[in-house]
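Here the structure comes first, spelled out in structure tokens, and everything after it is commentary.
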Ligand code: FAD
Ligand code: SIN
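In the numbering used here, the protein residues as written are 913 to 1450.
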């Protein structure tokens, strides 16, 4: 097997991973360099599809304040947001936005060249920056991707999957094993700082706004390594994904469309959100999602509609060029027609538990972006807080690494040799049709661990996953990227179900039909792998 060493390895090339690579390179002289690995093409990620925007509490914006942003975030977080984290991320937003502007990211501006702010659900003021109208993620990523590719001090491996973290007998991370999906070769990479920036897990569910790469790999890698995971049961389902027959990977209709005045209606054009929340279309996301779902069940239909015809045609075209285009390609003129929408899995609030420095429970292993659970989002993420969290946490981890002596390990212990050996052996493996298994799993998770759950749906899902696992006879090595992803999807699905079974209440995005009330105090769920078994940390 090939060997290499780097001072820092970043896994993932969404906004968190790309920005971390650039900030680390700017701030730190690293003897053994920086490696960024990504399992698809550079830039393919959830980040690329972000639409609505990024929260920015700018110091010179007199109509906003960090206090107001903290209050809104904590209110949406359903009792599980950590005050210090929310404060830290909010207070750093001014600095990171200014830094992104320096990198050349262009946020939309008005005719006087002032930054434009939009509003999304549960924000009390207009504080969301956007770019390219409704292409915020793509516009930020384009700049960062170009900078990373042109930077001679950052090595990039594309089409390369991180398959196992190397954890030594002192429970310290010493690097990882990667698999090149093009050459089918493995490589051992030694490093004393590995940063997980692997994003989300929407692909675990039948309907999702997430692209194919969002298979929860970082959570599975961290779990297998023995890291502590937090609040995995909190999956955010976005209320308005474009519902076109047969499409399971669903294009998002941004919340910003509702922020500009669009209304949710039934097939007869009758509004219904007044029945569910005083803030109607701009109620917290979990409430709008359940409202849509409830209307769908009640009326035995598979979507509701978004009526954006009240927004002037010119404004729709200017603010939402991509949404207008994609809808038009599907025969929907959003200035005249209702848009068919339904909920879809969108974001993972839980993840690998970190402190404000990005450190996980394993020395040398860091996590940033959607894969991390910093305590910002609690049980329900406030719109556009994710991109902010990605950049603030990437900025911070770079700052933390600046002060560390990042020597690559010279020697590895025998435990690690045994792990590396497992990947060096040639095995005879028969091809498996992963697409079929993946669809089965996505269907099980949608039915059993979706928007409305209960003991019955969750235990059924667990049993069904056990039977499905028997059709996938891989314990260590796999044949290709898709198999590695499916292996991770099975692990993460079980973890989500176990966490959801354990939380006997409804809170934020976790709604139990058999426990509809919310407990008086919010308690985090913490899971780890101890002696090979899933174990709750109490
Ligand atoms: P990602 O951007 O998902 O990147 C993860 C990277 O890791 C990818 O490059 C992937 O290929 C790589 N990877 C994963 N596993 C492995 C592995 N095993 N080996 C190697 N590489 C791996 N948030 C907002 O704040 N505002 C918005 O407007 C907004 N809109 C959204 C719209 C859509 C349609 C979606 C899907 C999400 C949206 N979000 C939004 C959420 C936000 O985009 C994401 O949470 C955020 O971009 C995550 O960034 P990340 O860098 O953590 O991960
Ligand atoms: C959206 O544009 O509706 C998505 C925003 C987000 O997920 O933060």
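From the three backbone atoms N, C-alpha and C, an ideal C-beta is built for every residue, glycine too.
Counting of Cβ neighbours within 10 angstroms places residue 1356 among the buried residues, the total reaching 16 or more. Shown here, residue 1074 sits in a strand according to DSSP, grouped into three states. As DSSP reads the structure, residue 998 sits in no beta bridge. Of the heavy atoms belonging to the ligand FAD, none sits nearer than 7 Å to the Cβ of residue 1239. The continuous beta strand (DSSP E) containing residue 1438 extends over residues 1438-1442. A residue is called buried when at least 16 other Cβ atoms come within 10 angstroms of its Cβ; residue 1222 does not meet this threshold and is exposed. Beta-bridge annotation (DSSP): residue 1264 is paired with 1141, 1284.
Listed as beta-bridge partners of residue 966 by DSSP are 1041. Under the 10 Å beta carbon count, residue 1226 is surrounded by fewer than 16 other beta carbons and is classified as exposed. Short note on residue 1164: C-beta closer than 7 Å to some heavy atom of the ligand SIN.
Closest option to residue 1068, judged by alpha-carbon separation, among 1436, 1231, 1092: 1092. In this structure, the C-beta of residue 1335 stays at least 7 Å away from each heavy atom of the ligand FAD.
Beta-bridge partners of residue 1365 (DSSP): 1424. By the neighbour-count definition (other C-beta atoms within 10 Å, threshold 16), residue 966 is a buried residue.
Secondary structure note for residue 1240: it is in no beta strand (DSSP E), and the uninterrupted alpha helix (DSSP H) holding it is 1233-1241.
In this structure, the ligand FAD has no non-hydrogen atom nearer than 7 Å to the beta-carbon of residue 1097.
Fewer than three pairs of CB atoms, one per stretch, sit closer than 8 Å, so the stretch 1094-1101 makes no contact with the stretch 1296-1305.
Membership of residue 1198 in the alpha helix (DSSP H) is indicated by the continuous run 1197-1210. Cα atoms of residue 1292 and residue 1149: separation of roughly 10 Å, rounded to the nearest angstrom. When only Cα atoms are considered, residue 973 and residue 1349 end up about 50 Å apart. For residue 1392, no alpha helix (DSSP H) segment is defined, and its DSSP state is neither H nor E. In the DSSP assignment, residue 1066 falls within the beta strand (DSSP E) that extends over 1066-1069.
Judged by DSSP secondary structure, residue 1085 falls within the beta strand (DSSP E) whose first and last residues are 1085-1092.
Pairing residue 1335 with residue 1307, the inter-Cα distance amounts to about 34 Å. In the displayed model, residue 1015 falls within a helix according to three-state DSSP.
Here residue 1420 really is in contact with residue 1290; their C-beta atoms are around 6 Å apart, less than 8 Å. Checking the 7 Å criterion, the Cβ of residue 1259 is within range of a heavy atom belonging to the ligand SIN. Annotation for residue 1135: 1141, 1403, 1407, 1441 place their beta carbon closer than 7 Å to its own, counting only its chain and skipping 5 residues before and after. For the set 951, 963, 1180, 1086, the Cα lying nearest the Cα of residue 1324 is the one of 1086. Here the alpha carbons of residue 1029 and residue 1039 stand approximately 5 Å from one another.
If you compare the alpha carbons of 1163, 1000, 1056 with that of residue 1016, the shortest gap goes to 1056. The beta carbon of residue 1430 sits closer than 7 Å to the beta carbons of 1417, 1418, 1419 from its chain, once the five residues preceding and following it are set aside; these are given in chain order. Residue range 1297-1314 is occupied by the alpha helix (DSSP H) that includes residue 1307.
Placement of the Cβ of residue 963 at a distance of less than 7 Å from at least one heavy atom of the ligand FAD is found. The beta carbon of residue 1339 sits closer than 8 Å to those of 1389, all from its chain and outside the five residues before and after it, given in chain order.
Residue 983 counts as exposed, since fewer than 16 other C-beta atoms from the protein chains shown sit within 10 angstroms of its C-beta.
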